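Contents: one structure, followed by commentary.
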Amino acid sequence: MGRSWSLTVVAAVLLVMMFGSAYSGNFFDEFDLTWGDHRGKIFNGGNMLSLSLDRVSGSGFKSKKEYLFGRIDMQLKLVAGNSAGTVTAYYLSSQGATHDEIDFEFLGNETGKPYVLHTNVFAQGKGNREQQFYLWFDPTKNFHTYSIVWRPQHIIFLVDNLPIRVFNNAERLGVPFPKNQPMRIYSSLWNADDWATRGGLVKTDWSKAPFTAYYRGFNAAACTVSSGCDPKFKTSLSDSEMQTANELNAYGRRRLRWVQKYFMIYNYCSDLKRFPRGFPPECRRSRV
Numbered sequence: 089m090g091r092s093w094s095l096t097v098v099a100a101v102l103l104v105m106m107f108g109s110a111y112s113g114n115f116f117d118e119f120d121l122t123w124g125d126h127r128g129k130i131f132n133g134g135n136m137l138s139l140s141l142d143r144v145s146g147s148g149f150k151s152k153k154e155y156l157f158g159r160i161d162m163q164l165k166l167v168a169g170n171s172a173g174t175v176t177a178y179y180l181s182s183q184g185a186t187h188d189e190i191d192f193e194f195l196g197n198e199t200g201k202p203y204v205l206h207t208n209v210f211a212q213g214k215g216n217r218e219q220q221f222y223l224w225f226d227p228t229k230n231f232h233t234y235s236i237v238w239r240p241q242h243i244i245f246l247v248d249n250l251p252i253r254v255f256n257n258a259e260r261l262g263v264p265f266p267k268n269q270p271m272r273i274y275s276s277l278w279n280a281d282d283w284a285t286r287g288g289l290v291k292t293d294w295s296k297a298p299f300t301a302y303y304r305g306f307n308a309a310a311c312t313v314s315s316g317c318d319p320k321f322k323t324s325l326s327d328s329e330m331q332t333a334n335e336l337n338a339y340g341r342r343r344l345r346w347v348q349k350y351f352m353i354y355n356y357c358s359d360l361k362r363f364p365r366g367f368p369p370e371c372r373r374s375r376v
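If you count by this note's numbering, then the sequence shown holds residues 89 to 376, one letter each, in order.
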C-alpha cells in the first residue's frame, strides 16, 4: 500500500505542476448559453445547468475558455423516461474544416432500455473513430461523472473515474492526433431521430416533451489559453516524468478491460465490413 500510495501522490503532484490545481467552476462564470432561447438555464447560484428539447428547438452551451491538454470533468443526469430520438452531446472541439474534437454522445432509447454512450475522436477534421458502450447503471436516476483526460500521449475517456477508452497518439504511424488546436467545451441536447435510436427506427415521442438533461460539478485541471498556455506544451518536466503522471495503473487497466469486455457494443477497430482492406493503423496500438 505504501508504494502505491506514494506513486499516486507523485502523479497528483506532477499533474498539478503541469495543469494547475483543479477547481469547481461556476456555470455563470465558465459557460455561455449559446442557442435554444429559454431552453437552457443556469440556476442554483450557478452550480446547476439544464438543457431542454421540445418540438421547436433544442439547446446548448459552450465554455468561455479554450483548453489545451488537461482533465475535464462534468456530472450529467440524462433525459429520463422515453428518450428515444434524443442526443445529449458533451465534447471538446476546435473550429474550422480541420478541427479537432473529443466526443461523448448519449443516444436516447425507449423507456427501460439502456442508453448508448457513443465516443469519437477527430483530428485535423477526420473522425470515424467510434466506440460505443452500454452503461452499467441507469444514467437518468442520478448524476454521474464523465471525464476527458487529454494529454500529448493519449486521450482517456472515463465514467465515474473508470476508464472506458484510450486513444493513443500514433503520429509515428502517420495518424493525426489532436495536440495543437485549443478546444472549448460544448454540450447540446437535440433531436436526431433519423439515426440516434436503432438507426432511426424509433422516433421521438413529442408527447413526452420537453426533454431535459442536467449538469453540475464542472471541474477542470487544464491549461487555459487565456492564461498564457503554450500551444507547444513546453514544461520543465522530462518525458519520463510526464509518462509516469499520465499512465493508467494496473487497476485502471483491469477496469478498462472489464468495461470493454462486457459493455462495449461497437468498435471501429473490429468492423471488417467497414474496413475490408485492413484496419486503420492506430488500431494496432491498443496498449496504454
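Glycine included, C-beta positions come from ideal geometry on N, C-alpha and C.
A quick note: this is a predicted structure, and the numbers were derived from the prediction, not measured.
If distances are taken between C-alpha atoms only, which option among the options comes closest to residue i?
{"i": "Lys267", "options": "Arg362, Val209, Pro369 and Gly133", "result": "Val209"}
{"i": "Gly184", "options": "Val290, Met271 and Trp283", "result": "Met271"}
{"i": "Ala211", "options": "Ser182, Ala297 and Tyr339", "result": "Ser182"}
{"i": "Leu156", "options": "Gly287, Ala308, Asn307 and Gln269", "result": "Gln269"}
{"i": "Arg372", "options": "Asn230, Val254 and Thr292", "result": "Val254"}
{"i": "Gly287", "options": "Leu195, Ala338, Tyr350 and His126", "result": "Leu195"}
{"i": "Phe299", "options": "Arg362, Ile130, Lys129 and Ser140", "result": "Ser140"}
{"i": "His232", "options": "Gln241, Ser145, Leu205 and Pro240", "result": "Leu205"}
{"i": "Asn114", "options": "Asp125, Arg127, Phe131 and His126", "result": "Phe131"}
{"i": "Arg127", "options": "Phe363, Lys361, Tyr354 and Ala301", "result": "Ala301"}
{"i": "Gly213", "options": "Ser235, Pro251, Phe265 and Pro227", "result": "Phe265"}
How long is the line joining the alpha carbons of residue i and residue j, rounded to whole angstroms?
{"i": "Phe221", "j": "Met352", "result": "4 Å"}
{"i": "Thr174", "j": "Gly133", "result": "28 Å"}
{"i": "Tyr303", "j": "Arg365", "result": "42 Å"}
{"i": "Thr199", "j": "Trp238", "result": "34 Å"}
{"i": "Gly340", "j": "Phe225", "result": "19 Å"}
{"i": "Pro368", "j": "Ala280", "result": "28 Å"}
{"i": "Gly292", "j": "Ile243", "result": "Going by the sequence as given, residue 292 is Thr instead of Gly. Distance between the alpha carbons of Thr292 and Ile243: 33 Å."}
{"i": "Arg159", "j": "Phe306", "result": "11 Å"}
{"i": "Ala338", "j": "Leu223", "result": "22 Å"}
{"i": "Leu344", "j": "Thr207", "result": "15 Å"}
{"i": "Tyr356", "j": "Lys349", "result": "15 Å"}
{"i": "Ser358", "j": "Arg342", "result": "21 Å"}
{"i": "Leu30", "j": "Phe363", "result": "One cannot answer for residue 30 here, as it falls past the ends of the chain, which runs 89 to 376."}
{"i": "Pro240", "j": "Asp117", "result": "28 Å"}
{"i": "Ile252", "j": "Val347", "result": "6 Å"}
{"i": "Lys361", "j": "Tyr354", "result": "13 Å"}
Is it buried or exposed, residue i, if we count other Cβ atoms within 10 angstroms and call 16 or more buried?
{"i": "Ala177", "result": "buried"}
{"i": "Lys153", "result": "buried"}
{"i": "Asn170", "result": "buried"}
{"i": "Ser295", "result": "exposed"}
{"i": "Thr186", "result": "exposed"}
Report, in whole angstroms, the separation of the C-beta atoms of residue i and residue j, which I expect to be a contact under 8 Å.
{"i": "Glu189", "j": "Val263", "result": "Between Val263 and Glu189 the Cβ distance is about 15 Å, and since that is not below 8 Å, they are no contact."}
{"i": "Phe192", "j": "Tyr203", "result": "Rounded, the Cβ-Cβ distance is 11 Å, inconsistent with contact."}
{"i": "Ala308", "j": "Asp142", "result": "Not quite, the Cβ-Cβ distance comes to about 31 Å (not below 8 Å), so this is no contact."}
>> For the structure I just gave you, are there three or more beta carbon pairs, one from the region 135 to 154 and one from the region 257 to 276, closer than 8 Å?
In response: Verdict: yes, contact present.
>> Is it the case that the region 161 to 172 contacts the region 250 to 265, given that we only count it when at least three CB pairs across the two stretches are under 8 Å?
In response: By the C-beta criterion, the region 250 to 265 is judged not to be in contact with the region 161 to 172, since fewer than 3 inter-stretch pairs fall below 8 Å.
> Three or more C-beta pairs closer than 8 Å, one from the region 212 to 219 and one from the region 305 to 313: is that the case here?
Replying inline: No: fewer than three Cβ pairs fall under 8 Å.
>> I'd like to know if the region 119 to 135 and the region 236 to 250 are in contact, where contact means that at least 3 CB-CB pairs between them fall below 8 Å.
In response: Fewer than three Cβ pairs drawn from the region 119 to 135 and the region 236 to 250 lie within less than 8 Å of each other, which leaves the two stretches out of contact.
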